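For the sequence shown, the numbering used here assigns the number 295 to the last residue and increments by one with no breaks. Working notes, structure below.
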Amino acid sequence: MRSLLFVPGTRPDRITKALASGADAVCIDLEDAVAPDDKAPAREMVMQALAQPREPATRLGFRINPVRTANGLADLAAYGESNVAADFVMIPKAAHPVELEIVAGALEGPDRPHLWPIIESAKGLSRAYAIAAAPYVQGLLFGGADFAADLGTGMEWEPLFHARGSLAAAAAAAGVELLDVPHLDVNDDEGLAASTRRARAIGFTGRACIHPRQIAGVNAAFTPSEAEIEQARQVLAAFRQSQGGAALLDGKLIELPVIRAAERTLAAAGLKE
Ligand code: GLV
Ligand code: MG
Numbered sequence: 023m024r025s026l027l028f029v030p031g032t033r034p035d036r037i038t039k040a041l042a043s044g045a046d047a048v049c050i051d052l053e054d055a056v057a058p059d060d061k062a063p064a065r066e067m068v069m070q071a072l073a074q075p076r077e078p079a080t081r082l083g084f085r086i087n088p089v090r091t092a093n094g095l096a097d098l099a100a101y102g103e104s105n106v107a108a109d110f111v112m113i114p115k116a117a118h119p120v121e122l123e124i125v126a127g128a129l130e131g132p133d134r135p136h137l138w139p140i141i142e143s144a145k146g147l148s149r150a151y152a153i154a155a156a157p158y159v160q161g162l163l164f165g166g167a168d169f170a171a172d173l174g175t176g177m178e179w180e181p182l183f184h185a186r187g188s189l190a191a192a193a194a195a196a197g198v199e200l201l202d203v204p205h206l207d208v209n210d211d212e213g214l215a216a217s218t219r220r221a222r223a224i225g226f227t228g229r230a231c232i233h234p235r236q237i238a239g240v241n242a243a244f245t246p247s248e249a250e251i252e253q254a255r256q257v258l259a260a261f262r263q264s265q266g267g268a269a270l271l272d273g274k275l276i277e278l279p280v281i282r283a284a285e286r287t288l289a290a291a292g293l294k295e
């Protein structure tokens, strides 16, 4: 998924609009967007929302409270007791793969949702490889706001650089997706575009959003351009012509890593060679 739009669990009225926003996925939030006194009614509303018929084009999931809290366990129990099917469940403050085992066990069934742990603490980062490789994990989200708070830093690029790079490697090692933290200034289109370009360049495959107006920019950033697709095709054609040996394209050496990158570009564009 290139873009995932968060909707507060207290605002089910926004879900229909979110599903039509162009986002690849919509995540209804039971965690930080919901005040402690509102957790129980929000949980009920989320289960009702998940029970509504919907188009399969946009994936719909929800973010539970941390598994180590009573609210997190209540969220899982409510899901288990309702006859609903989410496409994915986001697990905040993930710090150990055993948390994913607990969630996977609680969600067991023929339509078990994909798991999306959120890495947002130094402890979580230290176990990111094991968390990413846990069964049923489809991707990771970098919770940059909580991570910066854990480190006692701001959310500038530099203090979060090491975490982003490490998560890109952990996600690649496990073969799962990686979403970046939302850009928190919803009116800053330029900042959104620039930081999303950087995230893609360092290995992220998508980005979370907190407002529908962020979706188009994020989707565009993670969709290969015509020029990139054309370049990838030329690389593969040159390689084919060289019959497995090294090839040159525009004076540059094409070897297997370049081929892999070209194949990844076509796959991201939904194309085959
Ligand atoms: C998301 O949950 C974050 O903390 O950035
Ligand atoms: Mg967070």
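For glycine and all other residues, C-beta sits at the position ideal for the given N, C-alpha and C. Computed from a prediction, not measured in an experiment: that's the story for all the values here.
For residue i, which of helix, strand or coil comes out of DSSP?
| i | result |
| --- | --- |
| A301 | The structure shown does not extend to residue 301, since the chain spans only 23 to 295, so no value can be given for it. |
| E199 | strand |
| L206 | coil |
| R85 | strand |
| G228 | strand |
| F169 | helix |
| M23 | coil |
| M306 | Nothing can be reported for residue 306, as the shown portion of the chain is limited to 23 through 295. |
| V120 | helix |
| V240 | helix |
| V106 | coil |
| H136 | strand |
| V56 | coil |
Report the rounded CA-to-CA distance for residue i versus residue j, giving the unit in angstroms.
| i | j | result |
| --- | --- | --- |
| H205 | A230 | 8 angstroms |
| F381 | V48 | No statement about residue 381 is possible, as the shown extent of the chain runs from 23 to 295 and does not include it. |
| A99 | P88 | 13 angstroms |
| D60 | L278 | 53 angstroms |
| A40 | A108 | 16 angstroms |
| Q160 | R186 | 18 angstroms |
| E54 | A71 | Reading off the sequence shown, one finds Asp at residue 54, where the question assumed Glu. The alpha-carbon atoms of D54 and A71 are separated by roughly 19 angstroms. |
| S43 | V203 | 19 angstroms |
| A194 | A96 | 32 angstroms |
| T227 | E103 | 34 angstroms |
| G174 | E180 | 13 angstroms |
Determine whether the beta carbon atoms of residue i and residue j lie at a separation below 8 angstroms.
| i | j | result |
| --- | --- | --- |
| R85 | D35 | no |
| I224 | A196 | no |
| R149 | A170 | no |
| P30 | V68 | no |
| A192 | Y151 | yes |
Can we count residue i as close to ligand 2, meaning its CB is less than 7 angstroms from some heavy atom?
| i | result |
| --- | --- |
| A79 | no |
| G127 | no |
| A167 | yes |
| D60 | no |
What do you get for residue i, buried or exposed, if any count of 16 or more other CB atoms within 10 angstroms of its CB means buried?
| i | result |
| --- | --- |
| K115 | buried |
| Q263 | exposed |
| A243 | buried |
| P135 | buried |
| G165 | buried |
Taking 7 angstroms as the line, does the beta carbon of residue i fall inside it for any heavy atom of ligand 1?
| i | result |
| --- | --- |
| I140 | yes |
| V203 | yes |
| P114 | yes |
| G161 | no |
Any beta carbon from chain B within less than 8 angstroms of residue i's own beta carbon?
| i | result |
| --- | --- |
| I37 | The chain labelled as chain B is not found in the depicted structure, where only one protein chain is given. |
May I ask whether a heavy atom of ligand 4 can be found less than 7 angstroms away from the beta carbon of residue i?
| i | result |
| --- | --- |
| D207 | Looking at this structure, you won't find ligand 4 anywhere; what it does contain is ligand 1 and ligand 2. |
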